[in-house]
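Visitor: Sequence lines, in order, name chains A and B. First residue of the first sequence: 1, per the numbering used here; consecutive thereafter. First residue of the second sequence: 329, per the numbering used here; consecutive thereafter. Cβ coordinates follow ideal geometry from the N, Cα and C atoms, glycine included. This one's a predicted model, so the numbers in the text were calculated from it and none came from an experiment. Quick one: this structure, given as structure tokens, is what I'll be asking you about.
2 protein chains.
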Amino acid sequence: MFDEDGFISRDLRPLAAVPGASGFTDDAAVVAPPPGCELVITGDTIVAGVHFPFGERADLIAIRAVRVNISDLVAKGADPIGYLLHITVPRGTEEGFGADFCAGLTTCQKDYGIGVLGGDTVVAPEDALLSVSVTAFGAVPRAQSVRRFGAQPKDVLFVSGTIGDAALGLLAARGDPLPDIAEADVEVLEASYRLPRPPFGLQQAIRRHARASLDISDGLVGDLERLCRASGVAARVDVAKVPLSDAVTRTCARDQRLMKVVLTGGDDYQVLASVPVDRAISFAHDAREAGHMVKAIGKMLPGPPQVSVLDRDGEPMAFRRTRYSHRA
Amino acid sequence: MFDEDGFISRDLRPLAAVPGASGFTDDAAVVAPPPGCELVITGDTIVAGVHFPFGERADLIAIRAVRVNISDLVAKGADPIGYLLHITVPRGTEEGFGADFCAGLTTCQKDYGIGVLGGDTVVAPEDALLSVSVTAFGAVPRAQSVRRFGAQPKDVLFVSGTIGDAALGLLAARGDPLPDIAEADVEVLEASYRLPRPPFGLQQAIRRHARASLDISDGLVGDLERLCRASGVAARVDVAKVPLSDAVTRTCARDQRLMKVVLTGGDDYQVLASVPVDRAISFAHDAREAGHMVKAIGKMLPGPPQVSVLDRDGEPMAFRRTRYSHRA
Numbered sequence: 001m002f003d004e005d006g007f008i009s010r011d012l013r014p015l016a017a018v019p020g021a022s023g024f025t026d027d028a029a030v031v032a033p034p035p036g037c038e039l040v041i042t043g044d045t046i047v048a049g050v051h052f053p054f055g056e057r058a059d060l061i062a063i064r065a066v067r068v069n070i071s072d073l074v075a076k077g078a079d080p081i082g083y084l085l086h087i088t089v090p091r092g093t094e095e096g097f098g099a100d101f102c103a104g105l106t107t108c109q110k111d112y113g114i115g116v117l118g119g120d121t122v123v124a125p126e127d128a129l130l131s132v133s134v135t136a137f138g139a140v141p142r143a144q145s146v147r148r149f150g151a152q153p154k155d156v157l158f159v160s161g162t163i164g165d166a167a168l169g170l171l172a173a174r175g176d177p178l179p180d181i182a183e184a185d186v187e188v189l190e191a192s193y194r195l196p197r198p199p200f201g202l203q204q205a206i207r208r209h210a211r212a213s214l215d216i217s218d219g220l221v222g223d224l225e226r227l228c229r230a231s232g233v234a235a236r237v238d239v240a241k242v243p244l245s246d247a248v249t250r251t252c253a254r255d256q257r258l259m260k261v262v263l264t265g266g267d268d269y270q271v272l273a274s275v276p277v278d279r280a281i282s283f284a285h286d287a288r289e290a291g292h293m294v295k296a297i298g299k300m301l302p303g304p305p306q307v308s309v310l311d312r313d314g315e316p317m318a319f320r321r322t323r324y325s326h327r328a
Numbered sequence: 329m330f331d332e333d334g335f336i337s338r339d340l341r342p343l344a345a346v347p348g349a350s351g352f353t354d355d356a357a358v359v360a361p362p363p364g365c366e367l368v369i370t371g372d373t374i375v376a377g378v379h380f381p382f383g384e385r386a387d388l389i390a391i392r393a394v395r396v397n398i399s400d401l402v403a404k405g406a407d408p409i410g411y412l413l414h415i416t417v418p419r420g421t422e423e424g425f426g427a428d429f430c431a432g433l434t435t436c437q438k439d440y441g442i443g444v445l446g447g448d449t450v451v452a453p454e455d456a457l458l459s460v461s462v463t464a465f466g467a468v469p470r471a472q473s474v475r476r477f478g479a480q481p482k483d484v485l486f487v488s489g490t491i492g493d494a495a496l497g498l499l500a501a502r503g504d505p506l507p508d509i510a511e512a513d514v515e516v517l518e519a520s521y522r523l524p525r526p527p528f529g530l531q532q533a534i535r536r537h538a539r540a541s542l543d544i545s546d547g548l549v550g551d552l553e554r555l556c557r558a559s560g561v562a563a564r565v566d567v568a569k570v571p572l573s574d575a576v577t578r579t580c581a582r583d584q585r586l587m588k589v590v591l592t593g594g595d596d597y598q599v600l601a602s603v604p605v606d607r608a609i610s611f612a613h614d615a616r617e618a619g620h621m622v623k624a625i626g627k628m629l630p631g632p633p634q635v636s637v638l639d640r641d642g643e644p645m646a647f648r649r650t651r652y653s654h655r656a
């Protein structure tokens, strides 16, 4: 059975090898941002049955918990430094959980150059939901952080990676009916849902060029609405320009209605950025240099904060709801 | 019924009025420590049925969530700045919950001069447990933070406030048998459990004088063991010197065995500090100036990390377990 003290001393402590972490011998962290930098602090909680399926692999849970925060740091233009981990484990969780969970953390620490700076564990009653909160810290040169507000009319709206893989993958994971597509495509989509791939490395291009930015966790259209509200501008998206993976393209070709799921589903963990027109080429160039594709999908407009989405025929699309709400 | 969007826009946003918080329009915070300072970051999760009773008042839940972090900052010698809030609310929670919860936060923000810097809310299935994670940030002059490690033999061991009120109060709150004491004492003890009172204001004296320090959340003896382990020293506690409230004194007079609950029960949220002998008088003086009583209860000793507790006759006490484990 899961053992709290063993989890901390055997599994977690070796991960806490960064300055300020003191090898998990303290539940607090002391952090000084690098000279000339500010700290960006962000946090996300993921809960079994809400953000990941019951019975998910422990290492994938850990990776998800970290990556959903990495996408926030990238969107703010921050270089990841470290994180605090708060985990609530139902009593009766199997013994191997701790080691597997920490294997996932180890992968993330290598991938992103971060270390766990402290935290705590709670053993909850057997019927509690497994819950993981990660608070992540990143550094950004003073006054260069990129927020949700600040977008201006005429800015070019960019998105990183591809959109909708996870939303269709969630349908697959839940066993919801998908059109008749190849099994390989189903597997690719489901894997996209289970393992977010935030555009780590894009943070420098974001802070150099973007006026406003956020990560897409609750759907492209809904999160763009948030950016518009925070910035006090409108936006237009051309569906034909939204970057889609081959699997999503093939799935939507079978059933055009799924395009709405693609545009409003959650868990993309890509970045939406509002970039001044005269910086658009440089932004795309710097992103490519960092190994990431970004695509212009529309523009910011004057007017009250609203988003219009034009389909391939240039007709406005209507949505019953624009945002995915994580609920079990 | 509890409404997530209303909770954020109506209840939480007005609380986010500190620099870097951007009025809760971003889920990330940008924080620069004051010049010459480092950030201390700490976090604690509290869960219904584990850390507070089911059906607890929403404002008391919020106050508890903040205060259990304030005690951490004080113990590290840090001045509180702000916090991130992550809250998981079971679907079907009553509508007034959000406003009441934020009333509790408002009280804390005034008391400690802090503001909420961001965070997120999750609406979980109806049978999920209400869970609140607070990540708190404080500032400490560079290299002056006080950690669990650093205690040295001959140091004087101090504790703030009084010990055991919450542990006996938990028995009362659970309806466990207490000896025949006045109803007023029962009420005082139960109130101590429901509303922790960390020694806010003591942080300056701690960073001026203490070599090592932590807050007591899982019991005096067990947390002292943690300090000893992190510092590589032993410790001796004289029970006769442990500061007790009148209610605890009267209760233990009726049943001496409850002294073990006092010494090993949880939820004190007072501070244990290891102070060099030649600083002991100044520490007590500065604490008093800040409005807090600290009391010398023993000393640090050379030797392997272990704690000996001597009863009023100078005889070593034996404990079946030295630490309170928060479990439902």
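Give the residues of chain A in contact with D448/B, contact being defined as C-beta atoms less than 8 Å apart.
Guide: Those within 8 Å of D448/B in chain A are G43, D44 and T45.
Visitor: From the DSSP secondary-structure annotation, give me the bridge partner or partners of R564/B.
Guide: K627/B and S636/B.
Visitor: Are the Cβ atoms of S71/A and D267/A separated by less than 8 Å?
Guide: Result no, Cβ atoms of S71/A and D267/A do not sit closer than 8 Å.
Visitor: Can T434/B be considered in contact with the ligand PLP, in the sense that its beta carbon sits closer than 7 Å to one or more heavy atoms?
Guide: Among the components of this structure there are no ligands whatsoever, and the ligand PLP is therefore not found.
Visitor: Can you list, in chain order, the stretches of the alpha helix (DSSP H) that have 4 or more residues and sit fully within the region 44–117 of chain A?
Guide: Segments of the alpha helix (DSSP H) lying fully in the region 44–117 of chain A: 58–75 and 97–112.
Visitor: With H, G and I counted as helix, E and B as strand and the rest as coil, what does DSSP make of E126/A?
Guide: E126/A falls in the coil class under three-state DSSP.
Visitor: What distance in whole Å lies between the Cβ atoms of P481/B and P630/B, which are believed to be in contact at a cut-off of 8 Å?
Guide: Indeed, because the Cβ distance is near 4 Å, the residues count as touching under 8 Å.
Visitor: By the criterion of Cβ-Cβ separation under 8 Å, what are the contact partners of A99/A in chain B?
Guide: Here the premise fails: no neighbours, minimum Cβ distance about 21 Å.
Visitor: Let me know if D185/A comes out buried or exposed under the rule of 16 or more other beta-carbons within 10 Å of its beta-carbon.
Guide: With 16 or more other Cβ atoms within 10 Å, it is buried.
Visitor: For D543/B, which residues does DSSP report across the bridge?
Guide: In DSSP, D543/B forms a bridge with V599/B.
Visitor: Mind checking if A357/B is an interface residue toward chain A, Cβ cutoff 8 Å exclusive?
Guide: So yes, A357/B belongs to the interface.
Visitor: Within 8 Å of any Cβ in chain A, is that where the Cβ of T592/B sits?
Guide: Chain A contact via Cβ: absent.
Visitor: If distances are taken between C-alpha atoms only, which option among R470/B, A494/B and A568/B comes closest to I625/B?
Guide: The residue with the shortest Cα to Cα distance from I625/B is A568/B.
Visitor: By a C-beta neighbour count over all protein chains shown, 10 Å radius and 16 as the cutoff for buried, is L15/A buried or exposed?
Guide: L15/A comes out buried.
Visitor: Taking CB distances under 8 Å as the criterion, tell me whether V233/A reaches chain B.
Guide: No - not a single Cβ of chain B is within 8 Å of the one on V233/A.
Visitor: By a C-beta neighbour count over all protein chains shown, 10 Å radius and 16 as the cutoff for buried, is A356/B buried or exposed?
Guide: It counts as buried.
Visitor: Would you kindly check if the distance between the Cβ of G222/A and the Cβ of T264/A is under 8 Å?
Guide: Result yes, Cβ atoms of T264/A and G222/A sit closer than 8 Å.
Visitor: Can you tell me which of G432/B, A538/B and G619/B puts its alpha carbon nearest to the alpha carbon of M628/B?
Guide: When each option's Cα is compared against that of M628/B, the closest is A538/B.
Visitor: What three-state label does DSSP hand E38/A in the structure shown?
Guide: Three-state result, E38/A: strand.
Visitor: At a cut of 8 Å, does the region 136–153 of chain A reach the region 183–198 of chain A through at least three beta carbon pairs?
Guide: No: the two stretches stay apart, fewer than three of their Cβ pairs being nearer than 8 Å.
Visitor: Which same chain residues end up closer than 6 Å to L433/B when comparing Cβ atoms and leaving out the 5 residues on each side of it in sequence?
Guide: These residues qualify, in order along the chain: L343 and A390.
Visitor: Hey, quick one: how far does the alpha helix (DSSP H) through V30/A stretch, first residue to last?
Guide: Taken as a continuous stretch (DSSP letters only), V30/A belongs to no alpha helix (DSSP H), being part of the beta strand (DSSP E) at A28 to V31.
Visitor: Using only the alpha-carbon positions, how far apart do M1/A and R91/A sit?
Guide: Each residue's alpha carbon lies about 8 Å from the other.
Visitor: Pick out whichever of Q306/A, V294/A and D11/A has its Cα sitting closest to the Cα of D100/A.
Guide: When each option's Cα is compared against that of D100/A, the closest is D11/A.
Visitor: Is the region 35–49 of chain A in contact with the region 156–173 of chain A, if contact means three or more CB pairs nearer than 8 Å?
Guide: Touching, no, given that fewer than three Cβ pairs across the two stretches are closer than 8 Å.
Visitor: Ordered along the chain, which non-local residues of its own chain (more than five positions away) have a Cβ less than 7 Å from that of F335/B?
Guide: Taken in chain order, the residues that qualify are G426 and T449.
Visitor: Using a 10 Å radius around the Cβ and a threshold of 16 neighbouring Cβ atoms, would you call Q584/B buried or exposed?
Guide: It counts as exposed.
Visitor: Considering only the alpha carbon of each residue, which of Y652/B, L586/B, R607/B and A608/B lies closest to D639/B?
Guide: Checking every option, the nearest Cα to that of D639/B belongs to L586/B.
Visitor: Mark L54/A as exposed unless 16 or more other C-beta atoms lie within 10 angstroms of its C-beta, in which case mark it buried.
Guide: Inspection of the sequence shows that residue 54/A is occupied by Phe rather than by Leu. Classification of F54/A: exposed, given that the 10 Å Cβ count is below 16.
Visitor: Would you check if the region 604–621 of chain B and the region 546–560 of chain B touch, i.e. whether three or more CB-CB distances between them fall below 8 Å?
Guide: No, the region 546–560 of chain B is not in contact with the region 604–621 of chain B.
Visitor: Going straight from the alpha carbon of H613/B to that of A403/B, what length do you get?
Guide: Taking the straight line joining both Cα atoms gives about 17 Å.
Visitor: Using 8 Å for Cβ pairs, my map puts G164/A next to V248/A. What's the rounded Cβ distance?
Guide: Indeed, because the Cβ distance is near 5 Å, the residues count as touching under 8 Å.
Visitor: In chain B, which residues lie less than 9 Å from H209/A when you measure between Cβ atoms?
Guide: Correct list: empty, because the minimum Cβ distance to chain B is about 18 Å.
Visitor: From which residue to which residue does the beta strand (DSSP E) around V277/A run?
Guide: No beta strand (DSSP E) holds V277/A; DSSP gives it neither H nor E.
Visitor: For I609/B, count the other beta carbons within 10 Å of its own beta carbon; 16 or more makes it buried, fewer makes it exposed. Which is it?
Guide: Classification for I609/B: exposed.
Visitor: What are the residues of the region 390–406 of chain B that lie near chain A, defined by any Cβ-Cβ distance shorter than 9 Å?
Guide: Answer set for the region 390–406 of chain B: D400, L401, A403, K404 and A406.
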